[in-house]
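Participant:
2 protein chains.
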Amino acid sequence: MNLILVESAELRCDGAVTLSGARAVHLIDVLKVTPGSRVRVGVVDGPIGEARTVAVEKDRVTLQCALSGPAPARPPVDLLLALPRPKVMRRLWAQLAALGVGRIMLTNAERVERHYFDTHVLGEACYRPLLVEGLQQARDTRLPLVSMHKQFRKLVEDELDGLSDATVRLVAHPGRDRALADSIDRSAGRVLIAIGPEGGWNEFEIGLLEARGFERISMGPRPLRCDTATVALLALVHEGVRS
Amino acid sequence: MNLILVESAELRCDGAVTLSGARAVHLIDVLKVTPGSRVRVGVVDGPIGEARTVAVEKDRVTLQCALSGPAPARPPVDLLLALPRPKVMRRLWAQLAALGVGRIMLTNAERVERHYFDTHVLGEACYRPLLVEGLQQARDTRLPLVSMHKQFRKLVEDELDGLSDATVRLVAHPGRDRALADSIDRSAGRVLIAIGPEGGWNEFEIGLLEARGFERISMGPRPLRCDTATVALLALVHEGVRS
Numbered sequence: 045m046n047l048i049l050v051e052s053a054e055l056r057c058d059g060a061v062t063l064s065g066a067r068a069v070h071l072i073d074v075l076k077v078t079p080g081s082r083v084r085v086g087v088v089d090g091p092i093g094e095a096r097t098v099a100v101e102k103d104r105v106t107l108q109c110a111l112s113g114p115a116p117a118r119p120p121v122d123l124l125l126a127l128p129r130p131k132v133m134r135r136l137w138a139q140l141a142a143l144g145v146g147r148i149m150l151t152n153a154e155r156v157e158r159h160y161f162d163t164h165v166l167g168e169a170c171y172r173p174l175l176v177e178g179l180q181q182a183r184d185t186r187l188p189l190v191s192m193h194k195q196f197r198k199l200v201e202d203e204l205d206g207l208s209d210a211t212v213r214l215v216a217h218p219g220r221d222r223a224l225a226d227s228i229d230r231s232a233g234r235v236l237i238a239i240g241p242e243g244g245w246n247e248f249e250i251g252l253l254e255a256r257g258f259e260r261i262s263m264g265p266r267p268l269r270c271d272t273a274t275v276a277l278l279a280l281v282h283e284g285v286r287s
Numbered sequence: 045m046n047l048i049l050v051e052s053a054e055l056r057c058d059g060a061v062t063l064s065g066a067r068a069v070h071l072i073d074v075l076k077v078t079p080g081s082r083v084r085v086g087v088v089d090g091p092i093g094e095a096r097t098v099a100v101e102k103d104r105v106t107l108q109c110a111l112s113g114p115a116p117a118r119p120p121v122d123l124l125l126a127l128p129r130p131k132v133m134r135r136l137w138a139q140l141a142a143l144g145v146g147r148i149m150l151t152n153a154e155r156v157e158r159h160y161f162d163t164h165v166l167g168e169a170c171y172r173p174l175l176v177e178g179l180q181q182a183r184d185t186r187l188p189l190v191s192m193h194k195q196f197r198k199l200v201e202d203e204l205d206g207l208s209d210a211t212v213r214l215v216a217h218p219g220r221d222r223a224l225a226d227s228i229d230r231s232a233g234r235v236l237i238a239i240g241p242e243g244g245w246n247e248f249e250i251g252l253l254e255a256r257g258f259e260r261i262s263m264g265p266r267p268l269r270c271d272t273a274t275v276a277l278l279a280l281v282h283e284g285v286r287s
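Residue numbers (this note's numbering), protein chains in the order written: chain R, 45 to 287; chain U, 45 to 287.
In structure tokens:
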């Protein structure tokens, strides 16, 4: 935790907040706060600031927060991801939030098994704390927006323009060896990257994406596991955007 | 598994091999081979070729392999990694092999807990199958060389030159915002990237690395978990080398 995130509903009107659970444990055991210690805090989807430790009890810590100014900018990358296996998806949530994603769209595809959509890993009760964990790691407050789409065609044809205002659209697909750096116009605002299932997009899907402005990029000749590929591609897109 | 890897000791002199265990299960259940089916095979640290399925039994598959030519080139990236927690290291092995690493040097550092070195995750019996799994994913045969170093200073000052012939040395360290792409001379052969522990290298360690030719690079303002950072940096270095 490089930042303690609190929910705006937890903050009292005078800016004080009393934390228990994982955040209190972290404050007490790792940061070893005592009354007077200062720590970095942020509000989910709100500003980042500093807090003074007011009281430390057995398993509760009270902080007096000084938070002002705007929230950090939304990360300049959106993700359209063919839903991976629940075990893999569970591992990805925190990493996605840490790497920085404005919106996560999880979609069906031919090579996605339908029962993947039935997992509790797609419930907000499961993924929200994992996203918050990733934000606390990366010192961000911007919770990624999350949506799920069981109809790929409807998503791409009807819904995508309303969900992401990215001006650059890329799709990871083996076969065309154009390096990613060459596909990102640094002057452009946001990038939407589409990452297919373990077996790849099928021809219909890739055609649909290309018809909606997605440009194929390749990560080279090594096929990677979905989670490795996702982390790798997000790192490359971020590097491309900030270069 | 995008490639079935066999050990040279498993191959009979006529090029036949009988597989059981995970590889047989994969051949039977996923690739659904029958006698006559052709599959992609490789020999650990040897060539890649094709095999014809000769026999399929309940839990065993016999392949006749046609393997010739040289082994693939060793990946152009070496890794010096401050040993992460055993649980994280366990998850990393296959991903490192899949992303492509010539040599993995695991090192101690001030912010590495000494007991991390006592885990079975550092035993060859544990990590070798995980590396092979990563190679099978990425269609490579080159098993990363692995070494462990409990004395950081001895490693960097006395051993490193003999272990890695990389001409570009980079160290990930927050603070200096030079993008990675600008630090890789594309004409250079190999890159060695050093990645510190969760809390970062200390000043002594970073000084020692800089004195031995490591150039600081940054991945931007977001601190990442060790495993996320490692995958992200290896992706960036590979992209830099191949661009």
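All C-beta atoms, glycine included, are put in the ideal place defined by N, C-alpha and C.
Please name the residue in R/G178, R/E259, R/L143 and R/Q195 whose C-alpha comes closest to that of R/E157.
Facilitator: R/Q195
Participant: Name the chain U residues that come within less than 9 Å of R/H282, Cβ to Cβ?
Facilitator: M263, G264, R266 and A276
Participant: Report yes if the CB atom of U/L335 is closer than 7 Å to the CB atom of U/R84, and no otherwise.
Facilitator: Nothing about residue 335 of chain U can be reported from this structure: the residues present for chain U run from 45 to 287 only.
Participant: Could you check where the beta strand (DSSP E) with U/T62 kicks off and where it finishes?
Facilitator: Where U/T62 is concerned, the enclosing beta strand (DSSP E) stretches over A60 to L63.
Participant: First and last residue of the beta strand (DSSP E) that includes R/E94?
Facilitator: I92 to V100
Participant: Cα-Cα, which of U/R147, U/G113, U/K131 and U/P188 is closest to U/F161?
Facilitator: U/K131
Participant: Hey, does R/N46 have any beta-carbon neighbour from chain U nearer than 7 Å?
Facilitator: yes
Participant: In the DSSP output, what is R/F258 paired with across the bridge?
Facilitator: R/R213
Participant: Would you mind working out which of U/R56, U/L236 and U/S52 sits nearest U/L150, comparing C-alpha positions?
Facilitator: The closest CA to that of U/L150, considering only U/R56, U/L236 and U/S52, is found on U/L236.
Participant: With a cut-off of 8 Å on the beta carbons, I'd call U/R269 and R/A142 a contact; round off their distance for me.
Facilitator: Their Cβ separation, rounded to whole angstroms, is 6 Å, which keeps U/R269 and R/A142 in contact under 8 Å.
Participant: Let me see if you follow: with CB-CB separation under 7 Å, is U/T272 close to chain R or not?
Facilitator: Closer than 7 Å: yes.
Participant: What distance in whole Å lies between the Cβ atoms of U/I239 and U/V190, which are believed to be in contact at a cut-off of 8 Å?
Facilitator: Rounded, the Cβ-Cβ distance is 15 Å, inconsistent with contact.
Participant: Determine contact between the stretch 99-108 of chain U and the stretch 118-125 of chain U, defined as no fewer than three beta-carbon pairs at a distance below 8 Å.
Facilitator: no
Participant: Closer than 9 Å, Cβ to any Cβ of chain R: which residues of the stretch 125-145 of chain U, in chain order?
Facilitator: R135, A138, Q139, A142, L143 and G144
Participant: Measure the alpha-carbon distance for U/G59 versus U/F258 and round it to whole angstroms.
Facilitator: Per the coordinates, the alpha-carbon of U/G59 lies some 45 Å from the alpha-carbon of U/F258.
Participant: Just to confirm my understanding: we take U/L278, look at its own chain, exclude 5 residues before and 5 after, and list those with CB closer than 6 Å. What are they?
Facilitator: L143
Participant: Sort out for me which residues DSSP pairs R/A110 with in a bridge.
Facilitator: R/E94
Participant: Quick check on U/D73: does DSSP put it in helix, strand or coil?
Facilitator: helix
Participant: For a cutoff of 7 Å on Cβ pairs, would you count U/R286 as touching chain R?
Facilitator: Chain R contact via Cβ: present.
Participant: Could you check whether the Cβ of U/Q180 sits closer than 7 Å to any Cβ belonging to chain R?
Facilitator: no
Participant: In terms of residue numbering, what span does the beta strand (DSSP E) encompassing R/M149 cover?
Facilitator: Counting along the chain, the beta strand (DSSP E) containing R/M149 begins and ends at R147 to T151.
Participant: Closest to U/A113 by C-alpha separation, out of U/G90, U/I228, U/S208 and U/R186, would be which residue?
Facilitator: What sits at residue 113 of chain U in the sequence shown is Gly, not Ala. Closest by C-alpha distance to U/G113, out of U/G90, U/I228, U/S208 and U/R186, is U/G90.
Participant: Starting from U/L124, trace the beta strand (DSSP E) both ways and give me its first and last residue.
Facilitator: First-last of the beta strand (DSSP E) with U/L124: V121 to A126.
Participant: Mapping DSSP to helix, strand and coil, what is U/M192?
Facilitator: strand
Participant: Between U/A279 and chain R, is any beta-carbon pair separated by less than 7 Å?
Facilitator: Interface residue, yes.
Participant: Please list the partners that R/R183 has in chain U, where partner means a Cβ-to-Cβ separation under 9 Å.
Facilitator: Within 9 Å Cβ-Cβ: P265, R266 and P267.
Participant: Go ahead and pull the three-state DSSP assignment for U/G178.
Facilitator: helix
Participant: With DSSP run on the structure shown, which of helix, strand or coil describes U/R269?
Facilitator: coil
Participant: Hey, how far is the Cα of U/P79 from the Cα of U/H217?
Facilitator: 54 Å
Participant: Judging by CA-CA distance, which residue of R/S52, R/A210, R/V215 and R/K76 is the nearest neighbour of R/I92?
Facilitator: R/S52
Participant: Please classify U/I239: does DSSP put it in a helix, a strand, or coil?
Facilitator: strand
Participant: Would R/T274 and U/V275 qualify as a contact pair, given that the criterion is a beta-carbon distance under 7 Å?
Facilitator: No, the pair does not count as a contact, with Cβ atoms beyond the cut-off.
Participant: Along the chain, where does the beta strand (DSSP E) that runs through U/L143 open and close?
Facilitator: It is not in any beta strand (DSSP E) - U/L143 instead sits in the alpha helix (DSSP H) that spans P130 to L143.
Participant: Cβ of U/R234 within 7 Å of Cβ of U/P120?
Facilitator: yes
Participant: The beta strand (DSSP E) that contains U/L49, what's its start and end?
Facilitator: Looking at the DSSP string, the run of the beta strand (DSSP E) that includes U/L49 is I48 to V50.
Participant: Assuming contact is defined by CB atoms lying nearer than 7 Å, are R/L252 and R/V215 in contact in what I supplied?
Facilitator: no
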